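Accompanying notes for the structure given below.
There are 2 protein chains.
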Amino acid sequence: MRKYIPEDTIRRLSVYLRNLINLKKIGKKIASSKEITISLNIQPSQFRKDLSYFGSFGKRGVGYDIDKLIEHLEKIIGINKKIKVILVGVGRLGSALLRYKGFSLLNMEIVCAFDNDPKKIGKVIDGIEIKDIKEMKKVLQKEKIKVGIISVPSSSAQEVAQYMVNSGIKGILNFAPITLNLPKNIFIKHVDIPSELGVLIFKLENL
Amino acid sequence: MRKYIPEDTIRRLSVYLRNLINLKKIGKKIASSKEITISLNIQPSQFRKDLSYFGSFGKRGVGYDIDKLIEHLEKIIGINKKIKVILVGVGRLGSALLRYKGFSLLNMEIVCAFDNDPKKIGKVIDGIEIKDIKEMKKVLQKEKIKVGIISVPSSSAQEVAQYMVNSGIKGILNFAPITLNLPKNIFIKHVDIPSELGVLIFKLENL
DNA sequence: CCTTGTGAAAACTTTCACAGCT
DNA sequence: AGCTGTGAAAGTTTTCACAAGG
Chain A
31 MRKYIPEDTI RRLSVYLRNL INLKKIGKKI ASSKEITISL NIQPSQFRKD LSYFGSFGKR
91 GVGYDIDKLI EHLEKIIGIN KKIKVILVGV GRLGSALLRY KGFSLLNMEI VCAFDNDPKK
151 IGKVIDGIEI KDIKEMKKVL QKEKIKVGII SVPSSSAQEV AQYMVNSGIK GILNFAPITL
211 NLPKNIFIKH VDIPSELGVL IFKLENL
Chain B
31 MRKYIPEDTI RRLSVYLRNL INLKKIGKKI ASSKEITISL NIQPSQFRKD LSYFGSFGKR
91 GVGYDIDKLI EHLEKIIGIN KKIKVILVGV GRLGSALLRY KGFSLLNMEI VCAFDNDPKK
151 IGKVIDGIEI KDIKEMKKVL QKEKIKVGII SVPSSSAQEV AQYMVNSGIK GILNFAPITL
211 NLPKNIFIKH VDIPSELGVL IFKLENL
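Top line first, the protein sequences correspond to chains A and B.
Heads up: the first sequence begins at 31 in the working numbering, then just goes up one per residue.
Heads up: the second sequence begins at 31 in the working numbering, then just goes up one per residue.
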């Protein structure tokens with residue numbers, strides 16, 4: 031167990047988890063790989079293979095205990111306890127992310143936001159205080175936070191990212207449409223909205 | 031030319047294009063695959079292979095004419111002319127996307143937004159009018175639009191997506207954290223923010 | 001008899017390495 | 001001499017198919 035694990039496998043774990051939580055909500059206790067994946071457009075064999083990287087959690091001939099599998103998946107992803115993250119750049123997109131409700135299902139929470147605009151510093155959005163970017167290091171140490179979201183303009187994203195790393199951030203979710211250059215030990219995920227639209231536009235014309 | 035083209039290749043085309051536009055801005059006329067990819071954390075051979083699916087655009091011993099390559103990439107992706115898209119769901123995230131400036135560099139433009147909340151209908155955000163969702167079909171036909179962005183809550187995303195398809199939409203960029211089930215001829219790209227954070231959190235713990 | 005778990009095969013993507021032009 | 005373009009090799013991910021177990 032634990033060879034090399036595809037990144038898409040990890041991404042799908044969250045998708046499975048959300049779906050299992052839904053199945054639980056409608057009262058289901060046991061589900062087969064087929065039932066779990068049918069509405070996700072994923073093959074049952076893909077689901078079973080994904081899980082197999084981490085162990086065996088089902089019963090042959092029966093399926094998976096939903097409650098138990100939820101617990102296992104949360105533990106595997108690392109969200110069995112609430113994960114605190116910060117957000118940097120409280121512009122339009124940043125403010126929207128501060129109010130975004132999609133994190134809580136996966137036990138994630140933005141606990142603090144940062145900006146360098148004096149007009150924004152001190153404000154509170156949805157219970158989340160906006161602080162001066164200079165206080166970042168202190169907050170990260172006190173709250174033991176390692177993950178941050180960047181929603182600043184492209185023009186300052188690289189500089190801000192570097193500052194986050196210097197303050198102790200180890201993983202960055204980047205919403206700025208620019209490639210960040212950071213040390214190899216920092217994990218970066220890029221949500222590149224225009225590029226995703228580009229993929230759609232291409233497919234529409236060519237496939 | 032035109033075998034089977036990896037989706038990641040398509041996504042990288044947009045990344046190359048943005049970078050080329052930047053290089054052009056600083057006055058560069060010719061660039062090698064190495065110069066183009068160095069700040070993107072992509073191998074030069076990957077760049078050349080990606081282009082090779084579509085033709086040969088460089089000069090051996092020299093490199094690529096930046097102006098010409100920009101034109102070629104825009105044509106390949108399908109954004110040589112301005113591409114109009116709609117947005118459905120003018121909540122926090124939707125409003126932020128309406129004001130998002132990252133589309134214009136890639137010749138994309140949100141030309142109309144839709145919602146079902148009477149309080150929002152008729153308003154104008156950044157020059158984009160918010161219309162009743164019932165007018166969608168008319169707008170799509172008049173403006174010949176095929177691509178839409180969904181930024182409604184998970185609970186209504188499937189229903190709204192179905193409505194968009196019925197109105198003529200062929201490609202959807204989905205921001206709701208739920209898998210959409212639509213006919214196979216509809217192209218869907220999912221921007222799943224909590225799942226991306228999940229990947230980061232996993233990596234931080236395990237790699 | 002049903003469904004999991006998993007090696008092995010198939011499919012796909014990236015990297016290599018060098019022939020081919022400028 | 002230098003950089004592109006590209007088959008071939010290496011590497012990675014998904015799908016298959018079936019043994020194993022309830």
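Beta carbons: idealized from backbone N, C-alpha and C, even for Gly.
Because the structure is a prediction, the values reported are computed rather than measured.
Could you tell me whether the region 40-47 of chain B touches the region 214-227 of chain A, using the rule of 3 or more Cβ pairs below 8 angstroms?
-> Judged by Cβ distances under 8 angstroms, the region 40-47 of chain B makes contact with the region 214-227 of chain A, as three or more pairs qualify.
For my contact list, K98 of chain B and F84 of chain B are in at a C-beta cut-off of 8 angstroms; report their separation, rounded to the angstrom.
-> That pair is no contact at about 13 angstroms.
Identify, in the order they occur along the chain, each residue of the same chain with its Cβ nearer than 6 angstroms to the Cβ of T67 of chain A, setting aside the five sequence neighbours on each side.
-> Cβ contact annotation for T67 of chain A (same chain, cutoff 6 angstroms, sequence separation greater than five): P74, F77, in chain order.
Which bits of chain B does E226 of chain A rub up against, with CB to CB less than 7 angstroms?
-> Listed by position along chain B, the residues whose Cβ is nearer than 7 angstroms to that of E226 of chain A are L203, K219, V221.
Just how far apart, CA to CA, sit K105 of chain B and N52 of chain A?
-> When the Cα atoms are used, K105 of chain B and N52 of chain A turn out to be separated by approximately 43 angstroms.
Which residue from A:N49, A:I113, A:N204 puts its Cα closest to that of N137 of chain A?
-> When A:N49, A:I113, A:N204 are compared, the shortest CA-CA separation from N137 of chain A is found for A:I113.
L135 of chain B - containing beta strand (DSSP E), residue span = Run containing L135 of chain B: none; DSSP gives neither H nor E here.
With a cut-off of 8 angstroms, does the C-beta of M138 of chain A fall near any C-beta of chain B?
-> Yes - at least one Cβ of chain B is within 8 angstroms of the one on M138 of chain A.
Decide yes or no for the touch test of the region 111-129 of chain A against the region 114-128 of chain B: beta carbon pairs closer than 8 angstroms, at least 3 of them.
-> Judged by Cβ distances under 8 angstroms, the region 111-129 of chain A makes contact with the region 114-128 of chain B, as three or more pairs qualify.
Taking only the alpha-carbon atoms, compute the straight-line gap between F232 of chain A and G108 of chain B and give it to the nearest angstrom.
-> Those two C-alpha atoms are separated by around 6 angstroms.
Nearest candidate by alpha-carbon position, reference I175 of chain A, set A:Y193, A:S185, A:K200, A:A191 | Comparing Cα positions, the closest option is A:K200.
So, using beta-carbon positions, are I202 of chain A and I180 of chain A closer together than 8 angstroms?
-> A contact, by the Cβ cut-off of 8 angstroms.
Could you name the residues of the same chain whose beta carbon sits closer than 8 angstroms to that of S69 of chain B, not counting the 5 residues immediately before and after it, in chain order?
-> The residues are N49.
Using three-state DSSP, classify I202 of chain B as helix, strand or coil.
-> Looking at I202 of chain B - three-state DSSP - the assignment turns out to be strand.
How would you label P207 of chain A, buried or exposed, when you count the other beta carbons within 10 angstroms and need 16 or more for buried?
-> P207 of chain A counts as buried, since no fewer than 16 other beta carbons sit within 10 angstroms of its beta carbon.
Buried versus exposed call for K55 of chain B [16 or more other C-beta atoms within 10 Å across all chains shown] | Counting Cβ neighbours within 10 Å, K55 of chain B comes out exposed, since fewer than 16 surround it.
Length-filtered (3 minimum) beta strand (DSSP E) runs lying within the region 164-235 of chain B = Counting only runs of 3 or more, we get 177-180, 201-204, 217-220.
Just reading off the alpha helix (DSSP H) that K79 of chain A is part of, what are its end residues?
-> The continuous alpha helix (DSSP H) containing K79 of chain A extends over residues 74-82.
Closest to N204 of chain B by CA distance: which of B:G91, B:L227, B:V177, B:K167 is it?
-> Considering only alpha carbons, the answer is B:V177.
Beta carbon of I140 of chain A nearer than 8 angstroms to that of L117 of chain A | Yes; because the gap between Cβ atoms is below 8 angstroms, this pair is in contact.
Quick one: list the residues of chain A neighbouring F87 of chain B, beta-carbon separation under 9 angstroms, in chain order.
-> None at all; the shortest Cβ gap to chain A is about 17 angstroms.
From the DSSP output, read off the bridge partner residues of I60 of chain A.
-> Looking at the DSSP assignment, I60 of chain A forms a beta bridge with A:D95.
Cβ pair I163 of chain A, K150 of chain A closer than 8 angstroms | With a cutoff of 8 angstroms on beta-carbon distance, I163 of chain A and K150 of chain A are scored as not near each other.
Who are the neighbours of S185 of chain B on chain A, taking C-beta pairs under 8 angstroms?
-> Simply none; closest approach about 11 angstroms.
Give the secondary structure of V154 of chain A by DSSP, where H, G and I count as helix, E and B as strand, and everything else as coil.
-> Here V154 of chain A sits in strand by DSSP.
So is P207 of chain B in contact with chain A if we call contact Cβ pairs under 8 angstroms?
-> Taking Cβ atoms only, chain A reaches closer than 8 angstroms to P207 of chain B, which makes this a yes.
What's the gap between the Cα of R32 of chain B and the Cα of L47 of chain B?
-> Low confidence applies to R32 of chain B: its pLDDT is 40, below 50, so where it sits in the model is not reliable, and the reading given next is rough at best. Using only the alpha carbons, I get a separation of about 20 angstroms.
Which of the three DSSP states, helix, strand or coil, is assigned to V120 of chain A?
-> Here DSSP, grouped into helix, strand and coil, assigns V120 of chain A to coil.
Within the same chain, show all residues whose beta-carbon is closer than 8 angstroms to that of A187 of chain A, passing over the 5 residues directly before and after it, in chain order.
-> In its chain, beyond the 5 residues on either side, I180, N204, A206, I208, L210 have a beta carbon closer than 8 angstroms to the beta carbon of A187 of chain A.
Using a Cβ-Cβ cut-off of 8 angstroms, state whether I160 of chain A counts as contacting chain B.
-> No, no contact with chain B.
Chain A beta carbons: is any one of them nearer than 8 angstroms to that of Y83 of chain B?
-> Not an interface residue.
Provide the residue span of the alpha helix (DSSP H) that contains N52 of chain B, from first to last.
-> Counting along the chain, the alpha helix (DSSP H) containing N52 of chain B begins and ends at 37-55.
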